[in-house]
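Counting in this note's numbering, the first sequence runs from 7 upward without gaps.
Structure record follows, encoded as structure tokens.
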Amino acid sequence: MSLKLHNTLTKSLEEFTPQNDNQVSLYTCGPTVYNYLHVGNWAAYIYWDTLVRTLIANDYNVERVMNITDVGHLTGENEGDADTGEDKMQKGARREGKTAWDVAEFYGDDFLKGMKRLNLITPQHITKATEYIPQQLDLVRALKEKGFTYQIDDGIYFDTSKFPTYADFAGLDLDALRAGARVEMNQQKRNVSDFALWKFSPADEQRDMEWETPSNLIDNDEVGKMGFPGWHLECSAMAMSILGETLDIHTGGIDHIPVHHTNEIAQSESVTGKRFSNFWIHNNHLKSGGTKISKSLGNGYTLDDLEERGYTPFDYRMFILQGHYSNEGNFTFENLTAAKNRLHHWRNIAALRHQTHDTIESDSDKEVSLRAASQAIIEALNDNLNTPEALRVIDESFARVENQPLTAIHQQSLNDLLETIDDTLGLQLRDSTPDITDEQKQTILERQQARENKDWALSDKLRDELADEGIAVRDTTHGSVWEYLS
RNA sequence: GGCGCCUUGGCGGAGUGGUUACGCACCGGUCUGCAAAACCGUUUACACGGGUUCGAAUCCCGUAGGUGCCUCCA
7 MSLKLHNTLT KSLEEFTPQN DNQVSLYTCG PTVYNYLHVG NWAAYIYWDT
57 LVRTLIANDY NVERVMNITD VGHLTGENEG DADTGEDKMQ KGARREGKTA
107 WDVAEFYGDD FLKGMKRLNL ITPQHITKAT EYIPQQLDLV RALKEKGFTY
157 QIDDGIYFDT SKFPTYADFA GLDLDALRAG ARVEMNQQKR NVSDFALWKF
207 SPADEQRDME WETPSNLIDN DEVGKMGFPG WHLECSAMAM SILGETLDIH
257 TGGIDHIPVH HTNEIAQSES VTGKRFSNFW IHNNHLKSGG TKISKSLGNG
307 YTLDDLEERG YTPFDYRMFI LQGHYSNEGN FTFENLTAAK NRLHHWRNIA
357 ALRHQTHDTI ESDSDKEVSL RAASQAIIEA LNDNLNTPEA LRVIDESFAR
407 VENQPLTAIH QQSLNDLLET IDDTLGLQLR DSTPDITDEQ KQTILERQQA
457 RENKDWALSD KLRDELADEG IAVRDTTHGS VWEYLS
């Protein structure tokens, strides 16, 4: 069995092999915590959670770092705002009348809570950019000593012309970029693609977040000059200081290919002389209502928005799993409802593990099908995280269960299959489907008795009682089966 | 202006040359004391125009539509 992943570095499907045996180092670009995350943001974390779970299913030990960007990510002109070039954190602070530190803490906590709500595995290292300032300054210093930097009025920049393969990762055409520039770039920059490693605080503005620039980084030895890190620098510094100079896998959004990740590669490899990451995996963007998610359209729903409309985070997780990470998805409530219904159906299959009926003969065909499904799920995921195929496998095997009471041996196979599903897809099918109470079981027996006596009034009354407790009962040729009401 | 991606049935969504994946929805049927569920079945497909091939949703060219990133900063 082998895991294949699409590597942006080579633009091809490659067999994944880590540097060391069964140890995998993984870096995920985390959120900038200046607002709530919306469905599009969350999609990426669900995709990467699936990656982690797939690696684990392949017996790899995963050491994962995910950053939380709490400083230095500047707004661009596509944000729909007039004021561009401002630190997103400062902007959030102004909006809410708080300090940038408060904003970072509030939304950072909300992000971590959201990860739990979606049942995303917590990375071993969740790093805040503001807690890795010394490491970032070390990186700037190393780059400066090797001659890759230059200083201008507003900061210390990386000279991309000194990294000959700069354009390769994203297939950039730098001449075209230059020619296509409609707005004049900062005249002091040497190349259009040069980017700030360390920005100096503006003279006319008091920033909430700033640090003293070490004098040995400044050309004119200006003591006490305050500044803050560039966004790209943060990721390289945090990734390398924890995971080493070469990562096995680096993940992120497709939007990061031409700039953020290109810059990470340039600055990291300029310092180490080694490849920064062997695998780069990028997720496509989710649309909402057929268009890009944007604040002005109000289509960037949060987890709270979904819950207010009666959808759980797991309904959403199922929705995301129905698509492939490399394709554009389209979020609509109609599609979310389809996922919700599918999940509800699955939960009622899961509930069958609590119910046995000894009069049914063991069906070895069914048995084999359930056992093979676990393997087939992992094979689907190993094929570049093909979650739609994994879901198909599950539907196929669930259909074999025929939604009837199981014999004990099927019960065990079903439980094994559910374990695989929960481990790889994180749907918590077992945790969300507890057994009914002894009283409820007794009620079902009484109802069966009433039916045998053709006491329909009593039978219906007991059925209503159970319905009030969220339990439905249906009658099959093999007896009564209970399930959860939606 | 530069670079890229996409176009499969009502809605999603797999599928890289040769048995209408699958899910959700809809309709019909079976079963049932009733109901629900389940099961069975039907109906809607591969944007358009060419080409390659015995054979294309799948490969090539073109057209149309959609969409993303960049274009100060990042």
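Every residue, glycine too, gets a C-beta built ideally from N, C-alpha and C.
Nothing here was measured: the structure is a model prediction, and the numbers come from that model.
| Proximity to alanine 110 [Cα-Cα], best of Lys17, Met215, Ser207, His131 | Met215
| request: Classify aspartate 389 as helix, strand or coil using the three-state DSSP reduction. | output: strand
| request: Quick one: which unbroken beta strand (DSSP E) runs of 3-plus residues sit fully inside the stretch 214-294? Chain order, please. | output: 232-235, 253-259, 283-289, 292-294
| task | Starting from the Cα of arginine 323, find the closest Cα among Gly46, Lys10, Thr14, Gly476 and give me that residue. | result | Gly46
| task | Return the chain-ordered ranges of every alpha helix (DSSP H) run that is complete within the stretch 310-354 and spans a minimum of 4 residues. | result | Fully enclosed alpha helix (DSSP H) runs of 4 or longer: 319-327.
| message | Whole angstroms are fine: how far does the CA of lysine 346 sit from the CA of lysine 122? | response | Looking at the backbone, the Cα of lysine 122 and that of lysine 346 are separated by about 19 Å.
| field | Cβ-based neighbour list, aspartate 200, same chain, cut-off 7 Å, excluding 5 preceding and 5 following | value | Tyr163, Phe164, Asp165, Thr166
| For the candidate residues Ala209, Asp174, Asp254, whose alpha-carbon lies nearest to that of asparagine 269? | Asp174
| field | Secondary structure of phenylalanine 175, DSSP reduced to three states | value | coil
| said: Can you tell me whether alanine 463 is buried or exposed? The criterion is at least 16 other CB atoms within 10 Å of its CB, across all chains shown. | reply: exposed
| field | Distance between beta carbons of serine 403 and serine 375, contact taken as under 8 Å | value | The pair is a contact, with the Cβ atoms about 5 Å apart (cut-off 8 Å).
| message | Ignoring anything shorter than 4 residues, give me the alpha helix (DSSP H) runs that lie fully in the stretch 104-169, in order along the chain. | response | Runs of the alpha helix (DSSP H) spanning 4 or more residues and lying entirely within the stretch 104-169 occur at 106-123, 139-151, in chain order.
| message | Closest to aspartate 310 by C-alpha separation, out of Asn64, Lys119, Glu228, would be which residue? | response | It is Lys119 whose Cα lies nearest to the Cα of aspartate 310.
| Which word fits arginine 70, buried or exposed, when buried means at least 16 other C-beta atoms lie within 10 angstroms of its C-beta? | buried
| query | Within 10 angstroms of its Cβ, does glycine 306 collect 16 or more other Cβ (buried), or is it exposed? | reply | buried
| task | Please go through the same chain and pick out, in chain order, the residues whose beta-carbon is closer than 8 Å to the beta-carbon of glutamate 21, but skip the five residues on each side of it. | result | Ser8, Leu9, Lys10
| request: Give the C-beta separation of glutamine 96 and arginine 196 to the nearest angstrom, bearing in mind that I take them to be a contact with Cβ-Cβ under 8 Å. | output: That belief does not hold up - the Cβ atoms of glutamine 96 and arginine 196 are roughly 27 Å apart, past 8 Å.
| field | Residues near alanine 49 in its chain [Cβ-Cβ closer than 6 Å; skip 5 each side] | value | Leu292, Ile326
| Can you give the Cα-Cα distance for tyrosine 331 and glutamate 395, rounded to whole angstroms? | 13 Å
| Extent of the continuous alpha helix (DSSP H) run through glutamate 445 | 444-458
| query | Do you know how far the Cα of tyrosine 42 is from the Cα of leucine 391? | reply | 27 Å
| said: Counting C-beta neighbours from all protein chains within 10 Å, is the total for phenylalanine 117 16 or more, i.e. buried, or is it exposed? | reply: Around the CB of phenylalanine 117, 16 or more other CB atoms lie within 10 Å, so the residue is classed as buried.
| said: What does the alpha-carbon distance come out to for the pair glycine 161 and tyrosine 66? | reply: 42 Å
| Would a C-beta distance cut-off of 8 Å place isoleucine 255 and leucine 32 closer than the cut-off? | Going by C-beta atoms, isoleucine 255 is nearer than 8 Å to leucine 32.
| request: Using the DSSP secondary-structure output, state which residues sit across from isoleucine 477 in a beta bridge. | output: As computed with DSSP, isoleucine 477 is found in a beta bridge with Tyr490.
| message | Measuring only the C-alpha atoms, how far is glycine 432 from leucine 126? | response | 7 Å
| message | On a Cα-Cα basis, can you pick out the residue from Gln194, Asn226, Pro235 that is closest to tryptophan 204? | response | Pro235
| query | Taking the Cβ atom as the reference point for each residue, do leucine 124 and isoleucine 52 lie within a distance shorter than 8 Å? | reply | yes
| task | Using the Cα positions of glutamate 340 and serine 300, report the straight-line distance between them to the nearest angstrom. | result | 20 Å
| task | Below 8 Å CB to CB, which residues in the same chain sit around lysine 460 once its five sequence neighbours on both sides are set aside? | result | none
| query | Does DSSP put asparagine 13 in a helix, in a strand, or in coil? | reply | strand
| What is the DSSP secondary structure of leucine 433, counted as helix, strand or coil? | coil
| So which of Gly258, Ala63, Gln142 has the shortest CA-CA distance to leucine 15? | Gly258
| field | Sufficient close CB pairs (3 or more, under 8 Å) joining the stretch 127-141 to the stretch 150-160 | value | no
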